[in-house]
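Before any comments, here is the structure.
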């Protein structure tokens with residue numbers, strides 16, 4: 015008998031489990047159940063319903079069977095608990111093992127991206143190859159390992175984080191834009207050498223750039239399968255298995271057959287026979303399903319081939335599908351295991367097939383070309399339709415933000431009471447905010463790991479607080495909290511910067527300039543056809559006048575109970591040809607970061623709306639409706655830098671927050687809210 019784990023009923027053994035399975039007529043044997051549980055452990059622990067996976071074994075599990083399944087999971091979880099110290103000590107050993115494996119394969123080097131087969135931001139434990147090798151946990155990055163040197167490439171969000179997490183004697187940090195991988199290869203790769211890559215993990219565009227760089231020095235970029243990291247990662251987690259459930263029509267607003275028919279008709283109108291869809295968010299939207307294979311986003315890792323006649327094949331581990339999901343998908347969607355996806359691509363011989371180069375691995379393109387398909391490099395046919403939220407989704411987003419606003423008000427009122435004591439730290443603060451959010455209706459999870467940065471930690475754009483870095487919120491400093499939640503009816507993302515005690519004049523100046531940029535975006539009116547890139551300078555103008563800027567985009571698209579980061583639209587310096595359209599949700603988050611001192615960011619989510627044409631106007635106009643309902647710290651505003659119009663905007667926003675959230679919170683929070691939303695014009 016296995017000892018009791020954390021007070022649970024002890025696991026009675028596989029034979030006893032087999033007997034319980036047989037009693038309920040479950041076709042699975044104990045070996046299959048163990049494999050399923052291993053996959054469950056490889057997926058994130060669900061915040062809202064951690065035992066939903068039991069229904070994958072037995073939809074109506076008896077109490078005895080459910081208890082043994084929980085006990086088995088606890089035993090297996092204890093067996094895979096990581097040894098953090100051993101993990102730190104083995105980084106160099108892993109790098110040496112990789113080089114030895116490359117030598118056995120005749121490779122001079124290897125490209126390790128922070129990516130999975132879907133090119134997504136959030137990846138499962140199994141796909142954390144870059145973190146396993148280097149220790150870097152950012153959401154974007156790439157390392158190129160050669161026999162004698164290695165370089166890790168990150169963007170501006172992670173230039174500080176990479177230096178904290180990575181052994182810089184083993185991996186040279188590089189800015190991916192200013193010092194691109196292709197340039198590094200030109201300097202260090204030798205003629206005749208072969209650089210390996212996994213064609214499922216690199217997109218076609220990157221493969222083409224790296225291949226061109228290799229060719230310039232007489233070297234060659236070659237596919238290396240199976241993945242060399244997988245060959246040396248002996249305790250690599252299996253593919254994740256999280257329950258896939260139907261997303262109800264009352265939240266989705268449109269049925270899956272309706273969406274499928276719309277996209278199929280679009281394919282036919284574009285002269286395309288089929289689309290290969292690699293983005294799990296698009297697949298979740300198309301079929302009205304939600305999963306949990308990756309952290310903080312309800313995504314079912316899968317592929318889909320949709321043909322112009324509406325025929326759809328969903329390549330997904332069938333063990334993930336709840337009985338209700340199988341019924342929901344019906345006979346119109348053919349479910350096949352992921353191992354059959356390659357054969358599905360081979361079957362598209364002679365057809366015009368659209369593939370999104372941003373979400374498909376190079377292997378998809380290679381297989382289609384070898385099969386004789388005519389590849390059309392286009393956008394994911396679901397991306398734009400998914401981005402334009404329907405009225406039900408928009409109403410859900412507004413409701414989700416009201417609930418989120420209640421949690422935020424309660425949190426900020428608590429912070430105002432507790433922070434002056436000096437006892438509050440980053441982890442305690444973010445934990446308290448999460449606790450308030452969990453009380454909200456339809457809460458499922460956070461939408462990303464909260465960025466809770468006190469003082470100098472707030473200057474790290476994508477900072478993650480740990481026990482080793484955890485700081486107290488001290489008087490005279492700034493505290494930045496960037497957080498969000500996943501609700502069944504919407505996804506939220508909000509950042510507030512709070513003065514702990516009296517802020518310095520420089521802090522108030524910088525905050526006011528960031529606020530001016532935030533208001534400029536929020537209050538903007540623009541002609542139909544305008545892109546986010548055209549609006550981006552509005553967010554930076556006040557900072558530019560003082561010789562300042564921020565090294566990240568101003569806004570990203572946001573899904574509807576999907577990924578907190580979604581395209582195809584954005585507000586950024588990076589050119590973007592996708593026009594902003596009614597129904598799109600996008601963040602508005604200018605910032606300023608003084609390394610080693612403090613960080614400032616003000617973020618609301620906004621949705622694109624139609625606005626009346628002014629008298630005498632000749633063009634139809636669009637604007638933004640702000641969805642987020644949370645006070646902006648008045649103590650941080652240098653009022654002298656704001657115009658009357660900007661002050662009026664802030665006062666109107668605060669009046670709306672007070673009127674909407676005030677009736678929904680307790681008396682103590684309401685009293686704080688009234689004070690926090692007092693008009694500047696009367697202050």
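Residue numbers (this note's numbering): 15 to 697.
Positions of the beta carbon are idealized from the N, C-alpha and C atoms, including for glycine.
All of these numbers come straight from a predicted model, not from anything done at the bench.
Residue i classed as buried or exposed, judged by whether at least 16 other C-beta atoms fall within 10 angstroms
i	result
residue 391	exposed
residue 204	exposed
residue 657	exposed
residue 195	buried
residue 494	buried
residue 125	buried
residue 686	buried
residue 248	exposed
residue 604	buried
residue 568	buried
residue 322	buried
residue 503	buried
residue 644	buried
residue 357	exposed
residue 541	exposed
Contact check, residue i vs residue j, beta carbons under 8 Å
i	j	result
residue 187	residue 156	no
residue 652	residue 526	yes
residue 280	residue 351	no
residue 411	residue 577	no
residue 488	residue 436	yes
residue 570	residue 584	yes
residue 607	residue 475	yes
residue 317	residue 343	no
residue 534	residue 553	yes
residue 169	residue 154	yes
residue 209	residue 114	no
residue 367	residue 288	yes
residue 648	residue 635	no
residue 292	residue 132	yes
residue 451	residue 418	yes
residue 105	residue 181	yes
residue 215	residue 224	no
residue 55	residue 82	no
residue 38	residue 72	yes
Residue(s) in a DSSP beta bridge with residue i
i	result
residue 692	DSSP output for residue 692 lists no bridge partner at all.
residue 191	Note: residue 191 sits in no beta bridge, so no partner.
residue 569	585
residue 580	571
residue 318	291, 328
residue 466	495
residue 164	159
residue 540	636
residue 348	327
residue 237	211
Own chain partners of residue i with C-beta closer than 6 Å, once the 5 adjacent residues on each side are dropped
i	result
residue 315	294, 307
residue 218	371, 376, 379
residue 44	28, 31, 32
residue 270	301, 302
residue 278	322, 324
Spatial neighbours of residue i in its chain, beta-carbon cut-off 8 Å, leaving aside the 5 residues before and after
i	result
residue 276	399
residue 163	186, 202
residue 69	75, 257, 336, 337
residue 49	252
residue 631	none
residue 363	385, 386, 387
residue 312	298, 304, 305, 306, 458, 459, 500, 575, 576
Own chain residues within Cβ distance below 7 Å of residue i, not counting five before or after
i	result
residue 383	389
residue 485	439, 440, 468, 469, 471
residue 679	420, 423, 424, 687
residue 704	This structure leaves residue 704 out entirely; the chain is present only between 15 and 697.
residue 595	402, 622
Flag this pair as touching only if the region 655-669 and the region 687-697 have three or more C-beta atom pairs under 8 Å; answer yes or no. They touch, by the three-pair rule.
Cβ contact check for the region 318-327 and the region 342-356: 3 or more pairs under 8 Å: yes
Report yes or no: do the region 395-404 and the region 231-246 share at least 3 C-beta pairs separated by less than 8 Å? no
How do the region 434-450 and the region 465-485 stand: do at least 3 beta-carbon pairs fall below 8 Å, yes or no? yes
Stretch-stretch touch, CB-based, cutoff 8 Å, three pairs: the region 618-630 with the region 416-434: no
Is it a yes or a no for the region 534-546 touching the region 257-267, going by three-plus beta-carbon pairs under 8 Å? These segments do not touch.
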